[in-house]
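What follows is a set of notes on a single structure, which appears directly below.
Numbering (full-length UniProt numbering), first residue to last: 1 to 557.
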């Protein structure tokens with residue numbers, strides 16, 4: 001048998017076609033259309049609205065849809081999305097005592113029994129724009145105009161209630177008008193309160209929210225403590241950080257005061273920012289015997305966005321220290337090393353926890369002799385759930401007309417699925433070559449050299465020329481040495497000897513692998529001195545201080 005959830009007579013698609021000349025508009029108001037929502041927006045910019053983050057809102061709708069599909073399947077609810085083909089949902093067993101049971105997909109006999117029982121039992125079908133009594137409770141703590149909440153009500157199936165909260169009286173009034181304008185008042189309720197107090201009052205198990213979305217204008221740190229308590233067991237937290245200047249290393253002391261981690265200005269700063277916010281969430285959740293499971297973490301445009309599930313378990317919380325790591329970053333060549341803050345060892349059926357040993361580096365960098373910077377702690381575990389990401393990607397690619405930014409979502413998620421999940425941070429190929437002042441090899445050549453050497457390598461969605469690999473830093477520098485020698489115009493018989501004797505300070509003799517055309521351009525366009533030195537004996541002859549002490553090459557690709 002099949003029955004539907006309660007529904008309003010009006011259709012969400014009808015409200016999205018409302019004309020901007022409707023008599024209900026106040027003087028100076030305009031209609032902003034995004035997705036299926038039509039938002040009344042004052043021209044005086046009294047309420048914040050950012051059209052650039054349409055990708056953020058589209059991605060959030062896609063993620064919450066897949067989350068609702070899995071969550072509501074356990075409650076006997078099936079969701080229907082316009083334009084999407086019927087899909088089979090695989091239910092994952094819950095975690096008990098820190099141990100994960102096998103998926104039901106691995107047991108075909110049990111699946112057949114469940115399907116037969118499901119045919120006999122009554123199930124509920126939830127569609128978009130309808131209120132479902134067994135649905136999800138959603139909270140948008142900082143709603144502003146309410147655009148995101150209205151889109152949730154019009155585009156997401158299986159919702160019981162949406163609370164769109166904002167501290168501004170003008171914003172709360174605008175949210176109520178937009179809910180009425182889009183005919184979603186039966187699902188969406190406006191609230192004018194402090195976001196932290198709304199979440200603190202929902203800490204009880206029966207009052208918790210299934211989904212909490214926080215997209216502040218700046219840092220979300222004041223709301224994280226309340227958010228990890230107000231989300232339900234296995235619920236979804238959607239957090240946006242737009243204070244990238246702080247999280248990318250421009251102000252490490254400020255980052256520590258907000259997130260409990262010191263940021264470093266480096267080439268991998270965008271992924272480090274993702275790991276900083278995940279560390280902060282896990283640290284605050286551990287206070288209440290809870291822990292996080294990252295589903296998707298992306299760095300896009302000028303902000304970062306993380307989607308995490310929050311669960312409760314005292315046994316799993318003990319692993320929190322071993323999931324965090326300190327970061328040692330060389331200021332000279334950019335080599336980095338991670339030091340776990342805790343160590344766990346298996347002893348039969350029990351786990352033994354102890355302090356980690358370190359540091360993994362000496363007083364100076366073994367490659368260039370420069371000092372190290374200490375950053376972190378950061379989240380050192382995987383930042384994506386590939387199985388969940390593939391579900392979202394499959395849903396978006398199967399229904400490309402649902403979102404305006406579907407192509408971009410497919411591109412980002414496809415790159416995410418190809419990343420090495422167990423390798424934190426990355427190197428940037430341009431930075432490696434610029435450090436030794438040589439031409440940059442192609443990404444194909446560099447990745448091929450690593451793969452032929454027996455190492456794994458992938459790209460990263462956070463940076464265009466990023467290289468994520470499990471190869472140590474000395475292997476990367478040896479490949480760069482080989483590349484420099486290969487670009488020199490010397491006979492093949494001498495290359496082997498050069499590869500064995502090559503040192504970084506060979507650049508003081510004028511050999512840098514620079515082509516003759518590039519050298520001519522440098523002479524032509526960089527003659528900035530009034531009295532140019534033509535005698536080579538008058539030039540500086542001491543080596544670069546970065547590579548004063550470097551051992552000979554002992555590795556050959």
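No residue lacks a Cβ here, since even glycine has one placed at the ideal position from N, Cα and C.
Excluding five sequence positions before and after residue 163, the CB atoms of its chain that fall closer than 6 angstroms to its own CB belong to 139, 189, 191, given in chain order.
Around residue 372, the same chain offers 328, 329, 330, 361, 365 as residues with beta carbons nearer than 7 angstroms, after the five sequence neighbours per side are excluded.
Straight-line spacing of the CA atoms in residue 276 and residue 249 works out to 11 angstroms. Between the segment 208-218 and the segment 138-156 there are three or more C-beta pairs closer than 8 angstroms, enough to call the two in contact.
The three-state secondary structure of residue 67, taken from DSSP, is helix. By the criterion of a C-beta distance shorter than 7 angstroms, residue 358 is surrounded in its chain by 339, once the five residues flanking it on both sides are discounted. Per DSSP, residue 210 is one residue of the beta strand (DSSP E) stretching across 209-214. Going by C-alpha positions, residue 488 is about 20 angstroms away from residue 443. From the listed residues 434, 437, 398, the smallest Cα separation to residue 84 is found for 398. Restricted to the segment 441-471, the alpha helix (DSSP H) segments that are unbroken, complete and at least 4 residues in length are 443-452, listed in chain order.
Residue 368 sits close to residue 332, with the two beta carbons spaced by under 8 angstroms. Bounds of any alpha helix (DSSP H) do not take in residue 318, whose DSSP letter is neither H nor E. Collapsing the DSSP output to three states places residue 256 in a helix. Positions of the beta strand (DSSP E) runs, each at least 3 residues long and wholly inside the segment 352-384, are given as 372-379 in order along the chain.
Across the set 227, 193, 217, the C-alpha of 227 shows the shortest separation from the C-alpha of residue 204. Where residue 418 is concerned, the enclosing alpha helix (DSSP H) starts and stops at 406-418. Excluding sequence positions up to five before and after residue 425, its CB lies within less than 7 angstroms of the CB of 268, 271, 272, 336, all in the same chain and listed in chain order. Between residue 73 and the set 307, 157, 274, 387, the nearest pair of CA atoms involves 157.
Taking residue 293 as reference, the option from 299, 470, 486, 279 with the minimal CA-CA separation is 279.
For residue 223, there is no enclosing beta strand (DSSP E); the residue is found in the alpha helix (DSSP H) stretching over 221-230.
Between the segment 303-311 and the segment 229-240 there are three or more inter-stretch CB-CB distances shorter than 8 angstroms, so the stretches are counted as touching. A Cβ-Cβ separation of about 6 angstroms places residue 160 in contact with residue 137 under the 8 angstroms criterion.
In the DSSP assignment, residue 293 falls within the unbroken beta strand (DSSP E) covering 290-300. Distance from the CA of residue 184 to the CA of residue 175, rounded to the nearest whole angstrom, comes to 11 angstroms. Comparing alpha-carbon positions, the option among 81, 57, 325, 219 lying closest to residue 378 turns out to be 325. With fewer than 16 other Cβ atoms inside 10 Å of its own Cβ, residue 30 counts as exposed. DSSP, reduced to helix, strand and coil, places residue 158 outside both helices and strands of the structure shown, so it counts as coil.
Here residue 344 carries a strand assignment [DSSP, helix/strand/coil].
DSSP places residue 481 in the uninterrupted alpha helix (DSSP H) bounded by 473-487.
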